[in-house]
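Taking it in order: structure first as structure tokens, then the write-up.
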Amino acid sequence: MRGVYATGTVQITVTTPGGTSNGVAYSYVSVPAPVLTSVSPGQGPVGGGNTVTLSGSGLTGVTAVSFGSTPAVSFTVVSATQITAVAPPGAAGPVQITVTGPGGTSNGVTYFYVGVPTLTGASPATGPVSGGTTVTLTGTNLLGATAVRFGAASASSFTVVSATQITAVAPPGSGAVQITVVTPGGTSNGIPYTYVATPVLTGLSPTEGPVTGGTTVTLFGSGLTTISSVLFGTTPASFTVVSDSWVTALAPSGPAGPVNVTVTTLGGTSNSIIYTRVAAPAI
């Protein structure tokens with residue numbers, strides 16, 4: 429029969445029909461319960477698999493590490509003050525991490541399971557190849573974002589506005605890319621973003637017209653599809669986009685002489701081409 433003893437030293441004896449033996453000393457030593465003081469990182473994905481470091485005291489003899497009621501996938505006792513553990517899967521939200529040793533179960537330290545981020549939209553979804561466009565990203569589980577990427581390139585900067593919104597400044601790039609967000613919960617799905625080349629003007633016809641305006645001028649070049657304005661000097665003109673390389677514009681009135689014609693698209697403002705207004709002859 430096993431007895432229950434307080435801390436201290438007792439004598440172990442054996443009794444047989446021949447009598448009771450001499451005693452040998454046995455000491456009961458009080459083993460304190462382990463204590464946890466912190467966990468780093470304090471959050472991770474609901475899928476688990478990330479390694480956390482637990483700090484505290486009395487950790488040498490730990491035999492179990494639990495995240496809530498779920499055992500850690502694995503753990504390593506590094507020293508009396510440190511344990512590394514691999515988090516198991518869990519539901520989004522906080523749990524208490526505890527460890528168990530010969531002296532009992534520790535206090536808990538809080539660990540947060542973070543849901544995987546998702547993106548649902550990007551506005552605007554286009555911008556110039558030079559970058560610099562501020563893009564508003566909407567989605568879920570965006571708090572704690574550590575990176576925003578346009579393809580493989582990191583955003584020039586970003587601000588987490590809320591759990592459902594981030595603003596990010598597009599870096600330079602080209603073509604169509606996927607925007608993704610990285611948080612402690614993982615990497616989001618991608619949202620398409622298209623880099624638009626700066627428009628280029630190569631010519632116009634006719635190259636001159638009356639000061640009264642009204643002449644239909646054809647502009648030739650490239651990257652003209654997303655034109656938002658055509659300017660003759662500082663005066664806007666009405667225009668029609670025919671193709672990526674061809675736009676017609678109605679020359680506005682203005683003083684006689686040369687004027688710079690430029691176009692602006694989502695990719696920026698083009699080079700300029702000279703158009704000359706010619707005064708009517710006087711008799």
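Residue 429 is where the sequence shown starts when you use our numbering, and the numbers rise one by one after that. By construction, the Cβ of each residue, glycine as well, lies at the ideal position given by its N, Cα and C atoms.
Straight-line gap, residue i to residue j (C-alpha atoms, nearest Å)
i    : j    : result
T654 : T704 : 26 Å
S656 : T561 : 16 Å
A461 : P599 : 53 Å
P680 : L647 : 15 Å
A596 : Y541 : 25 Å
S475 : S507 : The question names Ser, yet the displayed sequence has Gly at residue 475. Their backbone Cα atoms lie some 28 Å apart in a straight line.
V576 : G603 : 18 Å
T504 : V557 : 49 Å
Y454 : G436 : 8 Å
I619 : T643 : 43 Å
F578 : S534 : 44 Å
A369 : G532 : Nothing about residue 369 can be read from this structure; the chain reaches only from 429 to 711.
S590 : T574 : 14 Å
V706 : S650 : 28 Å
G614 : S497 : 23 Å
S584 : P522 : 32 Å
Q439 : G446 : 19 Å
V459 : V514 : 26 Å
V669 : T479 : 56 Å
S582 : S633 : 43 Å
I711 : E636 : 21 Å
Y433 : T512 : Confidence at Y433 is low in this model, with a pLDDT of 43, below 50, so its placement is unreliable and the value that follows should be read with caution. Taking the straight line joining both Cα atoms gives about 34 Å.
G631 : V605 : 32 Å
P499 : T444 : 46 Å
Neighbourhood of residue i by C-beta distance below 6 Å, restricted to the same chain and skipping five residues each side
i    : result
T441 : T448, S449 and G451
T686 : The sequence shown places Pro at residue 686, not Thr. For P686, where only same-chain residues beyond five positions count, the Cβ hits under 6 Å are I702 and T704.
T626 : G695 and G696
A520 : V474, Y541 and G543
F667 : V658, V675 and A677
S551 : T564
Q593 : T566
Nearest neighbour of residue i, chosen from the options [CA to CA]
i    : options                   : result
I525 : G555, A581 and S468       : S468
L659 : S700, S502, G642 and T568 : S700
G682 : S671, V675, T662 and S673 : T662
P612 : F495, G477 and A583       : G477
A553 : T566, P545, V544 and V542 : T566
P664 : T692, G649 and G651       : T692
V563 : V544, P545, N569 and V588 : V588
G529 : A625, P499 and V490       : V490
Per DSSP, cross-strand counterpart(s) of residue i
i    : result
I619 : I607
T532 : Looking at the sequence shown, residue 532 is not Thr but Gly. According to DSSP, G532 bridges with G529.
N688 : I702
L678 : T644 and S666
I440 : V452
T587 : T595
P414 : Past the boundaries of the shown model lies residue 414; the chain is included only from 429 to 711, so the question cannot be answered.
S650 : V628
I511 : L482 and V505
V563 : A596
S582 : R577
S671 : W674
T697 : T692
Beta-carbon proximity of residue i to residue j, cut-off 8 Å
i    : j    : result
T696 : Y623 : Before going on, a small fix: residue 696 reads as Gly here, not Thr. No, the pair does not count as a contact, with Cβ atoms beyond the cut-off.
Q510 : G572 : no
F586 : Y539 : no
S485 : V463 : yes
L487 : V544 : no
P638 : A580 : no
V645 : A677 : yes
G601 : G559 : yes
Sequence-distant residues of its chain with Cβ nearer than 8 Å to residue i (five each side left out)
i    : result
L547 : L565, T566, G567, I607, T608, V609, S616, N617, G618 and I619
S466 : L482, S483, G484 and V537
D672 : S650, G651, L652 and T653
L629 : L647, F648, G649, V689, T690, V691, S698, N699, S700 and I701
Y621 : A550, A553, T554, G555, V563, F578, A598, A604, V605, Q606 and I607
Same chain only: Cβ atoms within 7 Å of residue i, ignoring 5 sequence neighbours per side
i    : result
P517 : V474, G475 and G476
T569 : With the sequence shown as reference, residue 569 is identified as Asn, and Thr is not the correct amino acid for it. V542, G543, V544, P545, T546, A591, T611 and G613, listed in sequence order.
T640 : S681
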